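Participant: If you want this note's numbering, it's the 1-based position in the sequence shown plus 3. Think of the CB as a built atom: it goes at the ideal place given N, C-alpha and C, for glycine as much as any other residue. A quick note: this is a predicted structure, and the numbers were derived from the prediction, not measured. Here it is, the structure in full.
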Amino acid sequence: MVVVSAPIALPAAPRRHWGRWLLLLLLGLVLVVGVGLMFFLDPWLRRTLEQQVTESSHGRYQLRIAELQTSLWRGNAVLRGIRLRTVAPSADSARLPAVRLALGHLRVSGIGLLALVRRREVPIDSITLDSLTLRLAALPRGGSKQPLHEQLPVPGIRVGALALRHVRVAYGPEKQPAVQLGEGAVVAQDIWLSAAGAADSARIGYAAAVAAQLRGAALRVPGHQLQLVRAMFSSRRRRMQLDSVLVHPNQAISNTRSPAVRVSLALPRLVLTGVDAAYFSRSRFRADTLRLQAPRLALTLPAQSPPTLVQMLKPYLRECRLNQLEVTEGQVRVAGLELAPAVANVQLSATSIQVLPRRASATDVLYARAWQINTGRATGTLDAPYYHVSWQKLRADSQTKQIQVAGALVVPTRSVEALARGKGHQAAHVTARLPEIRLSGFDFAAAANRQQLRASSVLVRNPRVSTRSDGRFPINPSYSVATPESLGRLPFGLTVERLRVEGATITMSYRSPRDPQPGIMSINRMGVELRNLTNDPRRMSAATPLVGEATGWLQNSCKGHLALRANLLDAHGRHTLTGNFGPTPLTILNSMIVPTRGIALRSGTVQSIRFQMQFDQTAARGTLWGQYSDLKLQLLNQKEKPGLLHRLETSVVNGIFIRDNNPRKPGQPLQPGKVNSARERRFSVFSLWRQGMVSGMLNGAGVPAPLAKKLSEAE
C-alpha cells in the first residue's frame with residue numbers, strides 16, 4: 004500500500020496584514036507630526052525668536068511678534084506686527100544703543116530647508132519687509148570686524164530679491180534727530196552672502212543690482228541742516244537723481260567769518276549718470292556726468308583756510324573720477340571776502356575731473372582737464388565800502404585760453420567829499436566803464452595752481468575813465484601804489500606779453516582849496532600799448548624792461564605821443580618817458596589851470612613840444628623843448644590876499660621872465676626847458692610826470708629853474 008503525503012501550505016495573509024498596518028502607522032505618525040508642527044511649530048518659533056533677542060542683547064531689547072506663520076512644504080514664513088523696543092540696559096549691554104522698531108509685515112519665500120539641514124549654501128527666493136519704522140538713538144560701539152558672510156552658520160545664503168517698502172528711519176536724539184527719512188523703498192537683486200559674493204567686483208556689497216527711492220529726508224550736520232524732497236537711484240541704469248536739495252546754515256550768511264565755512268544752497272535737481280555703484284561700495288568713485296540744475300549757492304568763507312578737496316576726500320575714497328560736470332542757470336554769492344562777489348546765470352562745464360589719486364598734468368585746472376564758464380551779471384565791492392564793481396557777461400575757456408568780459412563797471416558808492424571824509428584824506432574818486440576786456444593766451448593752470456596771472460595779450464576797448472579829487476582834505480599819508488615799482492612788488496606773479504587799450508577817454512577833475520570850481524582836463528581817443536608787463540625776474544631787467552607807447556588827444560584838440568621804458572624790479576623806481584605834442588592853442592589848458600593855479604593863458608599857440616625825462620623815487624629830471632608863439636598870461640589873484648613875496652614872484656614871472664615866443668625870433672635857436680621837480684611819494688607816478696612837464700614848460704618859457712621847480716611841486 005502506497006501512502007502519498009501532500010505538502011501543507013502556510014497562509015501569507017497575516018504578513019500582508021501587518022505590513023499594511025505598519026504603513027498605516029507610519030502615515031499616521033507623519034500626519035500627527037505634521038498636525039503637531041502646524042499647531043505647535045509656529046508658536047514655538049515665535050517664542051524662540053523673542054527669547055533669543057532678549058538673551059543675545061542681555062536684556063537690552065525686547066521683541067514681540069503678533070503673528071508668525073510657516074509653511075514647511077513651500078519653505079515660506081510670514082511674520083506680522085513685529086515690535087522691538089529698548090528696556091533698561093544691564094552692564095553687559097551698555098554699548099547697545101536705544102532702538103525702537105516697528106515692522107508691519109515680513110515675508111520670506113522659497114527657503115531651501117534641505118540645504119539648511121545639510122549645512123550648505125541656503126537659497127531663498129525672496130524677502131519682503133513692508134511698513135518698517137526704525138528709530139535709532141546712536142550707532143553701536145565696537146562690534147565684530149568680520150565680514151557678514153563669515154558670521155553666518157552656513158557657507159552662504161543666496162537671496163533672489165530683497166525688498167523694503169514704506170521705510171521710515173530716524174537717527175539721533177529723540178527731539179532733534181540727526182537723520183530723518185520720510186519714506187523710502189529699496190530693492191536688491193541676487194544677494195549672495197558668501198566668500199564668492201564678497202569677492203565679486205561687479206557686485207554692490209553682496210548684491211548684483213540695487214534700486215532705491217526716497218521721499219522726504221532731513222539731515223543735521225555741524226552748523227547746517229539739509230533737506231531733500233526726493234531721491235532715486237538705480238545701479239542697473241547707473242543713475243542717481245536728487246530733487247529739491249536745501250542746505251541751511253545755523254548762522255546766517257554774512258561777511259562775519261566763523262571757524263567753519265557756512266553754506267546756503269537751494270538745488271532743484273542733481274543728476275548723476277554713469278555712476279559705478281560697485282566701485283563706490285569699494286571706496287572708489289567713478290561716474291560719467293554730474294548735472295546741477297539752477298543751483299543757488301551762498302557761502303561765508305571760514306576764518307582759516309579750509310582743507311583742500313584732496314584732504315577732505317582722502318579718508319573716504321581711494322579714487323575719485325568724473326568725466327563731465329555741468330552746471331546750468333546757477334547763482335553764486337561769496338561772503339567773507341572784501342570783493343564779496345555775487346554772480347548770476349552761471350553756466351559751467353568741466354571735463355576729466357580727477358581728485359584722487361592726484362596725478363595732474365601741468366595743464367590741469369582745479370582737478371579738471373578743461374573748464375568752460377559763462378556768466379551773466381556779476382557784482383562785488385572794491386576797496387570796500389567805497390566802490391562797487393560789476394560786469395554784464397563773462398566767458399572763459401581754459402582750452403582756448405580765452406577770457407572775455409563785457410560791460411565792466413567800477414563806480415564809487417559815495418560822493419567826492421564823502422569818500423575823502425571816509426578815508427580821512429584826499430582820494431581819487433574813480434568811475435570806470437569798460438565795454439570789452441579780452442584776454443588771450445591766459446594760463447588758467449598757472450592762475451589756479453601757482454597764483455600767477457599770465458597772458459599773451461590783454462585788450463581793453465573803448466574804456467571811459469573819470470577821476471575826481473578834492474584838495475581841501477589832507478594828503479594821503481601812505482605812499483602811492485600807482486608806481487612802476489609797486490607792480491614789481493605784487494604778491495602774485497604777473498606776466499602780460501602785450502597790453503593794448505583802444506579808444507580810451509580819460510577825464511580828470513580837481514577841486515583846489517582856492518576855488519569851488521573844479522579844474523577839468525581830458526584825454527580823448529587814447530591808445531596804449533605795453534609790452535613785457537611782468538614782475539618775473541627771468542623776464543624783467545634793465546636790458547629787457549617794460550616798454551610802452553601811448554597816443555591821444557589832450558582836451559580833444561592836441562595830439563600827443565608818449566614812450567615809456569621801466570624796469571619794474573628796480574628798487575629805486577627808475578624809468579624814462581619821452582614824447583611829443585602837436586600844434587594847439589594854449590588856451591585849452593585854462594579849464595584846468597584857472598581854477599587850480601589862479602593863472603589864465605590869454606593867448607599862445609604851440610607848434611610842437613617834445614621832451615625826454617628820467618624819474619626815480621626822488622625826482623623828475625630831463626629836458627623839454629617847446630616851440631610856441633604869442634604867450635600871454637593873466638594872473639588871477641583878486642580873491643586872495645597874497646603876501647609881498649608872492650606878489651613879487653608873480654609880477655617878476657609875468658612881467659620879466661615870461662618868454663612870449665620860443666624861439667624869440669625866426670632863425671634863433673629854440674630855448675630848452677630844464678625838467679627838475681622833487682617827487683612826493685604819496686602821489687602817483689602820473690603826478691610826477693605832470694610835475695616834470697610843468698617844470699620844463701615853465702623853465703622853457705623863461706621862468707627861472709628854482710621857481711619853475713617850486714611851482715611844479717605845488718599842489
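1. Under three-state DSSP, which class holds N583?
2. Out of K426, A545, S606, which one is the CA nearest neighbour of L592?
3. Is the region 251 to 266 in contact with the region 276 to 291, if contact means three or more CB pairs nearer than 8 Å?
4. Under 8 Å: do the region 410 to 428 and the region 445 to 452 share three or more Cβ pairs, one atom per stretch?
5. List the residues that DSSP assigns as beta-bridge partners of D400.
6. Round the Cβ separation of N583 and S560 to the nearest angstrom and send it over; I've been treating them as touching at under 8 Å.
7. Pair every Cβ in the region 134 to 154 with every Cβ in the region 194 to 208, then say whether three or more of these pairs are closer than 8 Å.
8. For a test of the three-state rule: what should DSSP assign to V597, helix, strand or coil?
9. Go through its chain and collect everything with a Cβ distance to S352's Cβ below 6 Å, but skip five positions before and after it.
10. Secondary structure at Y282, three-state DSSP: helix, strand or coil?
11. Just to confirm my understanding: we take F495, look at its own chain, exclude 5 residues before and 5 after, and list those with CB closer than 6 Å. What are they?
12. If you compare alpha carbons, which of P143, T57, H108 is closest to R98?
13. If you run the structure through DSSP and keep just helix, strand and coil, what is W628?
14. Measuring straight from C-alpha to C-alpha, what distance separates S632 and T608?
15. I believe A338 touches L312 by the beta-carbon criterion, under 8 Å. Please report the beta-carbon distance rounded to the nearest angstrom.
16. With distances taken Cα to Cα, identify the nearest neighbour of L497 among L572, G695, M529.
17. By a C-beta neighbour count over all protein chains shown, 10 Å radius and 16 as the cutoff for buried, is H578 buried or exposed?
18. When DSSP labels each residue in this structure, what does T382 get in the three-state scheme?
19. Quick one: using the 10 Å Cβ neighbour count with 16 as the cut-off for buried, is T403 buried or exposed?
20. What do you get for W692, buried or exposed, if any count of 16 or more other CB atoms within 10 angstroms of its CB means buried?
21. Let me know if H55 comes out buried or exposed under the rule of 16 or more other beta-carbons within 10 Å of its beta-carbon.
22. Report yes if the CB atom of A2 is closer than 8 Å to the CB atom of V182, and no otherwise.
23. What residues match up with R457 in a beta bridge as DSSP calls it?
24. Output the boundary residues of the alpha helix (DSSP H) element that contains T57.
25. Helix or strand or just coil, what does DSSP make of F288?
26. On the three-pair Cβ rule with 8 Å, is the region 692 to 706 touching the region 612 to 625?
27. Thinking just about the alpha-carbon of each residue, which of T51, E341, P318, T331 is nearest to the one in P298?
28. Return helix, strand or coil for V313, following the three-state DSSP convention.
29. Classify G646: buried if its beta carbon has 16 or more other beta carbons within 10 angstroms, exposed otherwise.
30. Quick one: what does DSSP say N702 is sitting in, helix, strand or coil?
31. Quick check on S308: buried or exposed, where buried means 16 or more other Cβ atoms within 10 Å of its Cβ?
32. With a threshold of 7 Å on Cβ separation, who are the neighbours of V401 within its own chain once the five nearest residues in sequence on each side are excluded?
33. Among the residues of its own chain, which have a CB less than 7 Å from the CB of L493, if the five just before and after it don't count?
34. So, under 8 Å CB-CB, V531 and A553 are touching, yes? Tell me the CB distance rounded to an integer number of Å.
35. CB K396 to CB T384, shorter than 8 Å?
36. Under 8 Å Cβ to Cβ from P225, same chain only, skipping five residues before and after it: list those, please.
Facilitator: To lay it out plainly:
1. strand
2. S606
3. no
4. no
5. Listed as beta-bridge partners of D400 by DSSP are Q375, Q405.
6. About 15 Å; that fails the 8 Å criterion.
7. These segments touch.
8. helix
9. E329, Q375
10. Helix at Y282.
11. The residues are Q454.
12. P143
13. Per DSSP, reduced to three states, the secondary structure at W628 is strand.
14. 5 Å
15. Their Cβ separation, rounded to whole angstroms, is 21 Å, which puts A338 and L312 out of contact at 8 Å.
16. L572
17. Result: buried.
18. strand
19. Under this definition T403 is an exposed residue.
20. buried
21. Here residue 55 is Gln; the residue named in the question, His, does not match the sequence. Its Cβ having fewer than 16 others within 10 Å, Q55 is exposed.
22. Any answer about residue 2 is impossible in this case: the structure gives the chain only from 4 up to 718.
23. In the DSSP assignment, the residues bridged to R457 are T498.
24. For T57, the uninterrupted alpha helix (DSSP H) run begins and ends at 45 to 59, by DSSP.
25. Here F288 sits in strand by DSSP.
26. yes
27. T331
28. It is helical.
29. Its pLDDT being 45, under 50, G646 is placed unreliably in this model, and the value from its coordinates should be taken loosely. The residue in question, G646, is exposed, as its Cβ has fewer than 16 Cβ neighbours within 10 Å.
30. helix
31. Counting Cβ neighbours within 10 Å, S308 comes out exposed, since fewer than 16 surround it.
32. The amino acid occupying residue 401 in the given sequence is Ser; Val does not appear at that position. Non-local beta-carbon contacts of S401 in its own chain, meaning distances under 7 Å to residues more than five positions away in sequence, involve V368, A373, W374, F447 in chain order.
33. N538
34. 5 Å
35. no
36. A263
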